[in-house]
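Q: One structure coming up, written as structure tokens, with questions to follow.
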Amino acid sequence: MPEYPTALGASSVEKITLLGHDLAEDVMGQVGFGELAFWLATQRRPAPGETRVFEAVLAALADHGFTPTAIVTRLTYLSAPDSVQGALAAGLLGGGSRFLGVTEDCGRFLHAVLESADERPVDDAGWDALALETVRAQREQGNFVPGLGHHVHKNGDPRTPRLMRIAAEEGLYGPHLSLFAAIGRVHPEVLGKTLPLNGAGACGAALADLGLPLELLRGFALLARTAGLIGQLAEELRHPVANDIFLSVDLNNRSVAPDPYPPGGTHG
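Residue numbers for the sequence shown follow this note's numbering, beginning at 208 and rising by one.
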């Protein structure tokens, strides 16, 4: 018979084990959900400081108002109130390059820069020099710097300095956050304007400094936003707005002449 080894959950007639521990006796009521999520992903129990930083990231990403992910969750529930899972899934599927996905994009970007650097800087001057080289390269290639800029928090995202302080307090302010902070200091010299370091990018840097798999960074953002979307549905049940959103579009649409794509497959 084939075997399927796993260090995660397993069940017998008598008990359930999780990560080598008795789920009922050793985990339930003993381990917080954020700590458990970290433990499941890494298969090592986090230190208290790691849990604090990780849970700060989850809190930072849980909800950010009427974002597209929140709106589509409410609208899907309006259309299919019998499918809570469909409404939640609809919102989570919108976690892409503009919303939530920035966490992964920024973490990967910073990590790639650090991996390609000849050596890690040892002071702010060194980090600034690396950041300046990085921002210039992105500008020359016509690319954006992930985590730089925010459509609402033009004067600074309040989540970013708070997360950096928490990481520093726990001794977990690592190279990804150091590079990210340096980008915040030097980018005006290249771009000619000052943009905020957004919270989603800071979360990606913090998660990367925790040593979490880069491939899972967006998953942690989605984990956090799931809680927020449940909150959006709970509020929709008591104070519905989805139908008003739907009607604001449906009652204000206007018919226009077709605007076909030109022949030859030209896009844009």
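Every residue, glycine too, gets a C-beta built ideally from N, C-alpha and C. Note that the coordinates shown come from a computational prediction; the quantities given were computed from them, not determined experimentally.
Check the DSSP bridge columns for A217 and list the partner residues they point to.
A: According to DSSP, A217 bridges with T224.
Q: Considering only residues of the segment 224 to 312, which uninterrupted beta strand (DSSP E) runs meet the minimum length of 3 residues and lie entirely inside it, listed in chain order?
A: Runs of the beta strand (DSSP E) inside the segment 224 to 312: none found.
Q: Can you tell me whether L421 is helix, strand or coil according to DSSP?
A: The answer is helix: DSSP assigns L421 an H, G or I state.
Q: Assuming G308 contacts T280 (C-beta within less than 8 Å), just tell me the rounded distance between them.
A: So it is not a contact: roughly 17 Å between Cβ atoms.
Q: Should S323 be flagged as near chain D, meaning a C-beta pair shorter than 8 Å?
A: In the structure shown, chain D cannot be found, because there is only a single protein chain.
Q: Using a Cβ-Cβ cutoff of less than 8 Å, which residues in the same chain neighbour T341 once the five nearest sequence positions on both sides are dropped?
A: Once the five neighbours on either side are set aside, the close Cβ partners of T341 are V320, V352, L386, I390.
Q: Could you spell out where the alpha helix (DSSP H) holding L386 opens and where it closes?
A: That run of the alpha helix (DSSP H) goes 382 to 398.
Q: Please classify T213: is it buried, with 16 or more other beta-carbons within 10 angstroms of its beta-carbon, or exposed?
A: Label assigned to T213: exposed.
Q: Buried or exposed for E311, please, with buried defined as at least 16 other CB atoms from any protein chain shown within 10 angstroms of its CB.
A: Per the 10 Å Cβ criterion, buried.
Q: Hey, how far is the Cα of P403 from the Cα of H360?
A: Whole-angstrom Cα-Cα distance: 7 Å.
Q: For a quick check, are the C-beta atoms of L228 and V234 less than 8 Å apart?
A: As written in the sequence, residue 228 is His, which differs from the Leu given in the question. Yes; because the gap between Cβ atoms is below 8 Å, this pair is in contact.
Q: In its own chain, which residues sit with a C-beta less than 7 Å from the C-beta of L384, not counting the 5 before and 5 after it?
A: M371, A374, A412, A413, D416.
Q: Helix, strand or coil: which one does DSSP assign to L429?
A: In the structure shown, L429 sits in a helix (DSSP, three-state: H, G or I).
Q: Does the separation of the CB atoms of A431 and L265 fall below 8 Å?
A: Yes.
Q: Under a three-way DSSP split, which group does L444 fall into?
A: If DSSP states are grouped into helix, strand and coil, L444 belongs with the helices.
Q: Looking at the unbroken alpha helix (DSSP H) that takes in V463, where does it start and where does it end?
A: Run containing V463: none; DSSP gives neither H nor E here.
Q: Can you look up L355 in the DSSP assignment and give me helix, strand or coil?
A: Note: L355 maps to strand in three-state DSSP.
Q: Is it true that the CB of A294 sits closer than 8 Å to the CB of L419?
A: The answer is no: Cβ separation not under 8 Å.
Q: My output table needs one value for L379: the three-state DSSP class, helix, strand or coil.
A: In the structure shown, L379 sits in coil (DSSP, three-state: anything other than H, G, I, E or B).
Q: Using the Cα positions of G435 and G406, report the straight-line distance between them to the nearest angstrom.
A: Spanning the two alpha carbons is a distance of roughly 16 Å.
Q: Put L404 into one of helix, strand or coil per three-state DSSP.
A: Note: L404 maps to strand in three-state DSSP.
Q: Taking the alpha carbon of E443 as the reference point, which residue from V456, L230, T283, V238 has its own alpha carbon closest?
A: Cα-wise, what sits closest to E443 is T283.
Q: According to DSSP, is L339 helix, strand or coil?
A: In this structure, L339 counts as helix in the three-state DSSP scheme.
Q: If you compare alpha carbons, which of R366, L421, L300, G241 is closest to H278?
A: Note that residue 278 corresponds to Ile in the displayed sequence, not to His. Closest by alpha carbon: L300.
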